[in-house]
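One line per chain: the protein sequences are A and B, in this order. In case it helps, the working numbering puts the first sequence at residues 1099 to 1502. In case it helps, the working numbering puts the second sequence at residues 1099 to 1502. Using N, Cα and C, we set each Cβ at its ideal position, and we do this for glycine too. Encoded as structure tokens, the structure appears first; notes follow it.
There are 2 protein chains.
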Amino acid sequence: MALIVQKYGGTSVNDDERIRIVADHIAHTKSKGNDVVVVVSAMGKQTDNLIRLAKDVSSVHPSREMDMLLTAGERISMSLLCMALSELNVKATSFTGSQAGIITDTVHTKASILEIKPDRVLKALNEGYVPVIAGFQGMSVDKEITTLGRGGSDTTAVAMATALKADICEIYTDVSGVFTADPRIVPNARKLLNLDYDEMLEIAANGGKVLALRSVEFARRHNVIIHVRSSYTWETGTWIKKEDKQMEEAVVSAVTHDTSEAKITATKVPDKPGIAASLFRQLADNAINVDMIVQNTSTDGNTDISFTVPRTDLETALAVTRDALPQLGGTEVLADNEVAKVSIIGAGMKTQPGVTALTFETLASCDINIEMISTSPIRISCLIRQDAVEQAVQALHNAFGLDN
Amino acid sequence: MALIVQKYGGTSVNDDERIRIVADHIAHTKSKGNDVVVVVSAMGKQTDNLIRLAKDVSSVHPSREMDMLLTAGERISMSLLCMALSELNVKATSFTGSQAGIITDTVHTKASILEIKPDRVLKALNEGYVPVIAGFQGMSVDKEITTLGRGGSDTTAVAMATALKADICEIYTDVSGVFTADPRIVPNARKLLNLDYDEMLEIAANGGKVLALRSVEFARRHNVIIHVRSSYTWETGTWIKKEDKQMEEAVVSAVTHDTSEAKITATKVPDKPGIAASLFRQLADNAINVDMIVQNTSTDGNTDISFTVPRTDLETALAVTRDALPQLGGTEVLADNEVAKVSIIGAGMKTQPGVTALTFETLASCDINIEMISTSPIRISCLIRQDAVEQAVQALHNAFGLDN
Chain A
1099 MALIVQKYGG TSVNDDERIR IVADHIAHTK SKGNDVVVVV SAMGKQTDNL IRLAKDVSSV
1159 HPSREMDMLL TAGERISMSL LCMALSELNV KATSFTGSQA GIITDTVHTK ASILEIKPDR
1219 VLKALNEGYV PVIAGFQGMS VDKEITTLGR GGSDTTAVAM ATALKADICE IYTDVSGVFT
1279 ADPRIVPNAR KLLNLDYDEM LEIAANGGKV LALRSVEFAR RHNVIIHVRS SYTWETGTWI
1339 KKEDKQMEEA VVSAVTHDTS EAKITATKVP DKPGIAASLF RQLADNAINV DMIVQNTSTD
1399 GNTDISFTVP RTDLETALAV TRDALPQLGG TEVLADNEVA KVSIIGAGMK TQPGVTALTF
1459 ETLASCDINI EMISTSPIRI SCLIRQDAVE QAVQALHNAF GLDN
Chain B
1099 MALIVQKYGG TSVNDDERIR IVADHIAHTK SKGNDVVVVV SAMGKQTDNL IRLAKDVSSV
1159 HPSREMDMLL TAGERISMSL LCMALSELNV KATSFTGSQA GIITDTVHTK ASILEIKPDR
1219 VLKALNEGYV PVIAGFQGMS VDKEITTLGR GGSDTTAVAM ATALKADICE IYTDVSGVFT
1279 ADPRIVPNAR KLLNLDYDEM LEIAANGGKV LALRSVEFAR RHNVIIHVRS SYTWETGTWI
1339 KKEDKQMEEA VVSAVTHDTS EAKITATKVP DKPGIAASLF RQLADNAINV DMIVQNTSTD
1399 GNTDISFTVP RTDLETALAV TRDALPQLGG TEVLADNEVA KVSIIGAGMK TQPGVTALTF
1459 ETLASCDINI EMISTSPIRI SCLIRQDAVE QAVQALHNAF GLDN
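Here is the structure:
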């Protein structure tokens, strides 16, 4: 008998039929003697529909009111799920983020969880209920309704698993686990049975869409065992937990790709200490996450500085960089939307040399130019042309023996 | 400069265009120097859509979860309205029932307001904001989300007007006020400019659909001046306030009709003291509101007891009555779904005799049989066949001189 937190995403509760299937699965888990706590997202396209309504009504969207609007979504899915559970004679009770004691900071639309006070959830559990908790939402220290931003429901689930000292946090989604590459690009990509937190972090941070980065960070910090699996097949998915020292590590676990970034280049910047620092300080002050940074070797005392930012922040980042150009002493600012990042990720890379070389050789053999490089102890990322991304992922997947 | 509570019903905020029109009206009211507090219902068919979803998902609908589900509706309309106000540079902030301090009892789906603690609403007002409050919902003393049942938003508005000591409570709806009869039946029905609370209570209790009965009771108890008006035309509507003694009262103000009741008859019940009392006690214990009651004159020591109940409660009421029949000593229980109630309402009836006679004469001249009668100091109601209701309303409207 275990305490299991189950998180169901939007596609898992897309319509009345899917909600009944999820209820059935919860009832099944409970019938095996487990305690179950459920975290649920808004139904399918609900959030998108609400955002469209907001755009229809007004061109101005105060973030407090957007949070109020969007949190209607989980209210609907969680109460419907409780009704479906009642029909199966499973006692269930829904909790808003606020009722579940999810206390956040005051940053509307992308709040961070500060603390969880799960008194009501624990009381419901002790009384034999299945608590069904709204994902994605919380209440700020100012008693305002907040949302946690993209992937917020994953974070709710992991945070709740931490607060409740749950044995497992199951993340149900529309794929059956984490794969060695995107199966839409690499048809013979394999499902990974085990990943450690560091690998999963790199996958989530470099284009893997199955789990939100913040939720993995949270899980690693609090040692929450995650099981990513499909709500369509219920087969065993991917387990994410602390590295098992006795297990031999794969050198490379996955190839990911990410086409959500754009490249900015400031040309002919005088190569003096502190010049780049002031630019990146200003970008940070505008809440822009800079990913890769390259400064070309200077020959004439001038240098080109290139960096990547999320495409959604490109306009702001361009404006900031252009404003900074006189101070930088550079010539011009260029933007490039046609880039993609491919990454090789594997915990075994730490002890196995040669991965970088094989990566470069593989891309070279495909005639793919590498524009920028960044690395971590367990990752190599290369920025390439976007139209080469499928070929690159396929070639790397094959070169590192992930195909079989 | 006044403090005005404005309540907008579902049709008034039916879509993005209507929401912008409402925002414009609020901005206009505010630009005249008034303080405005808004109470808003869910958009148009939103509540019906959510109820349909619940029926699609499950045949079991725990009332706590129904309340959780339905309260999503006002969250959506109120946040959208705040966005539309922001676009007009009107500072606005939305409040759920709980945030607005609307404390109710614990009766899910038809909670009663126990108290209002409008601290956050007052703070927002003092800071120059338009507070936009979710109608229909509150938080129980057990900190659970509750809804106030049918017409709940009207009650929210009047209760909030009381708590804030507002000068006027404006109820915006899809008709331009309270009429002398339903204009769909009596085309030359006139809009009433003034009504006192007692008349409005009788109208609301006897088929008038413009204002919820509970909200009128609340307004009478706390002397809240109500202005019922259209959100489509903005013309002056109907003012509801304490009777003005200097004003000569119309003998009859309105003819209403109500086809929402059914008649139950228990036949050949021994005519002994206390027999009927036990039946009506059991009906009350089942939360069934009995309206009209008639006990036929007994000739042989037996009597027929007839009474009316809401059609929605007919099945329960029939079961209760059938269960009680052996104890009553009656013969059988009959149900009749084909009845209608017409009512003549007017504060002047108290001092003017002859209204009853004219009512009976008018119906008799139309060959309409009166099956049951009930009266109050300012009302006469007659139960007739449902297929005669239009003819009865038209004839009475004409007979009492309401046509011109």
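Residues V1407, P1408, D1411 of the same chain have their beta carbon placed closer than 8 Å to that of N1387/B, with the five preceding and five following residues left out of the count.
Proximity of E1225/A to chain B, defined by a Cβ-Cβ separation below 8 Å, is not satisfied. Bridge pairing for C1267/A: V1103/A, I1324/A [DSSP].
Straight through space, the alpha carbons of R1173/B and V1103/B are spaced by roughly 19 Å. Judged by DSSP in its simplified three-state form, I1468/B adopts coil rather than helix or strand. Boundaries cannot be given for K1307/B, as no beta strand (DSSP E) includes it and DSSP labels it neither H nor E.
Taking 7 Å as the upper bound on Cβ-Cβ separation, chain B lies near residues D1114, I1117, R1118 of the stretch 1103-1122 of chain A. Residues of the stretch 1131-1157 of chain A with a C-beta less than 8 Å from any C-beta of chain B: L1148, L1151, A1152, D1154, V1155, S1156, S1157, listed in chain order. Within the DSSP bridge table, the entry for V1135/B names V1103/B as partners. With respect to I1266/B, H1325/B sits close: the two C-beta atoms are nearer than 8 Å. Taking C-beta separations shorter than 7 Å and ignoring five residues to either side along the sequence, the partners of C1180/B in its chain run A1190, T1191, S1192, V1230, following chain order.
Taking a C-beta distance under 8 Å as the contact criterion, A1302/A and L1293/A do not qualify as a contact pair.
Listed as beta-bridge partners of R1116/B by DSSP are no residues whatsoever.
The distance from the Cβ of N1321/A to that of K1307/A is about 24 Å, inconsistent with a contact at the 8 Å cut-off.
With the rule of 3 Cβ pairs closer than 8 Å, the stretch 1230-1247 of chain B counts as touching the stretch 1161-1178 of chain B. Beta bridge pairing from DSSP links S1238/B with T1202/B. The three-state secondary structure of N1187/B, taken from DSSP, is coil.
When secondary structure is reduced to three states using DSSP, I1476/A falls in the coil class, being assigned neither helix nor strand.
The alpha-carbon of G1226/B is positioned some 36 Å away from that of S1177/A. The three-state secondary structure of H1123/A, taken from DSSP, is helix. At a cut-off of 8 Å between beta-carbon atoms, T1191/A makes contact with chain B. In the structure shown, N1292/B adopts extended strand secondary structure according to DSSP, grouped into three states. Separation of the CB atoms of A1255/B and I1269/B is rounded to 6 Å, and the pair is thereby assigned contact status at 8 Å. The Cβ atoms of T1278/A and G1236/A lie no closer than 8 Å to each other. Not flagged as an interface residue toward chain A: L1220/B, since no C-beta distance is shorter than 8 Å.
For E1213/B, the enclosing beta strand (DSSP E) covers residues 1211-1214. Here the alpha carbon of A1140/B sits roughly 11 Å from the alpha carbon of L1148/B. Here K1128/B is buried: its Cβ has 16 or more other Cβ atoms, across all protein chains shown, within 10 Å. Straight-line spacing of the CA atoms in D1465/B and T1357/B works out to 19 Å.
In this structure Q1144/A is buried. Its beta-carbon is surrounded by 16 or more other beta-carbon atoms within 10 angstroms. For the stretch 1225-1254 of chain B, the set of positions with a beta-carbon nearer than 7 Å to some beta-carbon of chain A is empty. If you ignore the 5 residues before and after I1391/A, its C-beta comes within less than 6 Å of the C-beta of F1405, all in its own chain and listed in chain order. Distances from the CA of Q1393/A to each of T1365/A, L1432/A, T1354/A, A1385/A were compared; the closest alpha carbon is that of T1365/A.
The C-beta of G1372/A has fewer than 16 other C-beta atoms within 10 Å across all chains shown, which makes the residue exposed.
Boundaries of the alpha helix (DSSP H) harbouring Q1492/A: 1487-1497, taken from the DSSP string. In this model, R1282/A and T1207/B are separated by some 48 Å (Cα to Cα).
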